[in-house]
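For the sequence shown, the residue numbers in full-length UniProt numbering are 1 to 325.
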Amino acid sequence: MHAITIPEPGGPEALVWAEVPDPEPGEGEVLVDVAAAGVNRADLLQRQGRYDPPPGTSPYPGLECAGRVAAVGSGVSGWAVGDEVCALLAGGGYAEKVAVPSGQLLPVPKGVDLVTAAGLPEVTCTVWSNVFMVAHLRPGETLLVHGGSSGIGTMAIQLAKAVGARVAVTAGSSQKLARCAELGADILIDYREQDFVEELRTATDGRGADVILDIIGAGYLRDNVRALAVNGRLAVIGLQGGTKGELNLAALLAKRAAVTATSLRGRPASEKAAIVAAVREHVWPLLDDGRVRPVLDRTLPVRDAPQAHRVLEESGHVGKVILTV
Numbered sequence: 001m002h003a004i005t006i007p008e009p010g011g012p013e014a015l016v017w018a019e020v021p022d023p024e025p026g027e028g029e030v031l032v033d034v035a036a037a038g039v040n041r042a043d044l045l046q047r048q049g050r051y052d053p054p055p056g057t058s059p060y061p062g063l064e065c066a067g068r069v070a071a072v073g074s075g076v077s078g079w080a081v082g083d084e085v086c087a088l089l090a091g092g093g094y095a096e097k098v099a100v101p102s103g104q105l106l107p108v109p110k111g112v113d114l115v116t117a118a119g120l121p122e123v124t125c126t127v128w129s130n131v132f133m134v135a136h137l138r139p140g141e142t143l144l145v146h147g148g149s150s151g152i153g154t155m156a157i158q159l160a161k162a163v164g165a166r167v168a169v170t171a172g173s174s175q176k177l178a179r180c181a182e183l184g185a186d187i188l189i190d191y192r193e194q195d196f197v198e199e200l201r202t203a204t205d206g207r208g209a210d211v212i213l214d215i216i217g218a219g220y221l222r223d224n225v226r227a228l229a230v231n232g233r234l235a236v237i238g239l240q241g242g243t244k245g246e247l248n249l250a251a252l253l254a255k256r257a258a259v260t261a262t263s264l265r266g267r268p269a270s271e272k273a274a275i276v277a278a279v280r281e282h283v284w285p286l287l288d289d290g291r292v293r294p295v296l297d298r299t300l301p302v303r304d305a306p307q308a309h310r311v312l313e314e315s316g317h318v319g320k321v322i323l324t325v
């Protein structure tokens, strides 16, 4: 088969379409003929040599894909050759074929085409596991989403609104904020022009956010704690603003608040399967009936993966960027 490889870490030009050995499905795995793969910021880090795949997994980038089942390994039930699926991966999505643990497969939702479905597994699993399984967002609470126009952000807005929460977002332009408003965001904050803590406090009568979903990390740590409501929960899922920050424990104690940090890629297959099962139970019905919809910025051929990475680095996109195979 062919796949996007990374012979040497570097810029987007480090991504090379090359012939590589075909994967073989092991016990409990399914082989998928890939139709499309989602592009995520973790892929950029892998390309730069800063985020290696877990041991024993595919060396090629791509944390989610969609396609058709080509073969089923021993011990697999519930899936058959020809099924249209999307999948959460530890790597290998930028390729013609990928082997996937069967617990990380999802059916393509009703009304969603196969290419668009490639952008669903990573965002739905990230948002559901952090906002709902860890931070336990409840109806009537306020969720603050940093990067509201990103793939993660556009899904978080919709899922929070679906359960009856109020949503605040930060984004870097009026155009991006307008898109967030179309998806249901209630509080719109331009982080380039406004202090998100003060804007949030004003909009919530001084209460703050019950849950914050943060892609920035160290750069926002202090202000995120300031922005939390009493009993608030901060979920850190990205490090775009650095890895080391100062945490004011006194402020955290005063609010009886919590800070968590999680990632998906390195989790054991059993944990990923539990998250995928929860997403299928709670999120897939919302997609099936159209209450939640994937937001797609653009599609590019997989050979144009370098251009897809440039799009993410420039941060002008809204929603997901997809590579078609």
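The beta carbon of each residue, even a glycine, is placed where N, CA and C say it ideally should be. Just so we're clear, the structure is a prediction, and the values are computed from it rather than from any experiment.
Item	Value
To the nearest angstrom, how far is the alpha carbon of alanine 274 from that of lysine 110?	22 Å
What distance in whole Å lies between the Cβ atoms of leucine 183 and isoleucine 157, which are believed to be in contact at a cut-off of 8 Å?	5 Å
Following the continuous alpha helix (DSSP H) through proline 285, name the residue where it begins and the one where it ends.	284-288
Report the three-state DSSP secondary structure of histidine 309 (helix, strand or coil).	helix
For the candidate residues Val230, Gln175, Asp43, Ala87, whose alpha-carbon lies nearest to that of lysine 141?	For the sequence presented, residue 141 should be read as glutamate rather than lysine. Of Val230, Gln175, Asp43, Ala87, the residue nearest in Cα terms is Val230.
How many Å lie between glutamate 29 and proline 306 at the Cα?	30 Å
Restricting to runs no shorter than 4 residues, where is the alpha helix (DSSP H) found entirely within the stretch 84-163?	114-117, 121-127, 151-162
Considering only C-alpha positions, which residue in the set Ala178, Gly232, Arg291, Val20 is nearest to lysine 255?	Gly232
In the DSSP assignment, find the unbroken alpha helix (DSSP H) run with alanine 178 in it and report its ends.	174-182
Just to confirm, is the Cβ distance from valine 81 to valine 100 under 8 Å?	no
Pick from Pro59, Gly151, Ala42, Asp297: whose alpha carbon is nearest that of residue 336?	Residue 336 is absent from the model: the chain starts at 1 and stops at 325.
Helix, strand or coil: how does DSSP classify isoleucine 216 here?	coil
In the DSSP output, which residue or residues are listed as bridge partners for methionine 64?	Methionine is not the amino acid found at residue 64; the sequence shown has glutamate there. Note: glutamate 64 sits in a beta bridge opposite Leu88.
Could you check how far apart the C-beta atoms of alanine 160 and valine 169 are, in whole angstroms? I think they sit under 8 Å.	Actually they are not in contact, since the Cβ atoms of alanine 160 and valine 169 sit about 10 Å apart, beyond 8 Å.
Between the C-alpha atoms of threonine 202 and alanine 209, what's the straight-line distance to the nearest angstrom?	11 Å
By DSSP, does asparagine 248 sit in helix, in strand, or in coil?	coil
Cβ of valine 85 within 8 Å of Cβ of valine 108?	yes
Please classify glycine 78 as buried or exposed, where buried requires at least 16 neighbouring CB atoms within 10 angstroms.	exposed
Reducing DSSP to helix, strand and coil, say where aspartate 210 ends up.	strand
With a threshold of 6 Å on Cβ separation, who are the neighbours of alanine 117 within its own chain once the five nearest residues in sequence on each side are excluded?	Ala66, Cys86, Val108
At the level of alpha carbons, what is the spacing between proline 12 and alanine 178?	30 Å
On the DSSP letters alone, give me the boundaries of the alpha helix (DSSP H) that glutamate 198 sits inside.	196-203
Tell me whether leucine 221 sits in a helix, a strand or coil according to DSSP, three-state version.	helix
Which term fits lysine 176, buried or exposed, when burial requires 16 or more other beta carbons within 10 angstroms of its beta carbon?	buried
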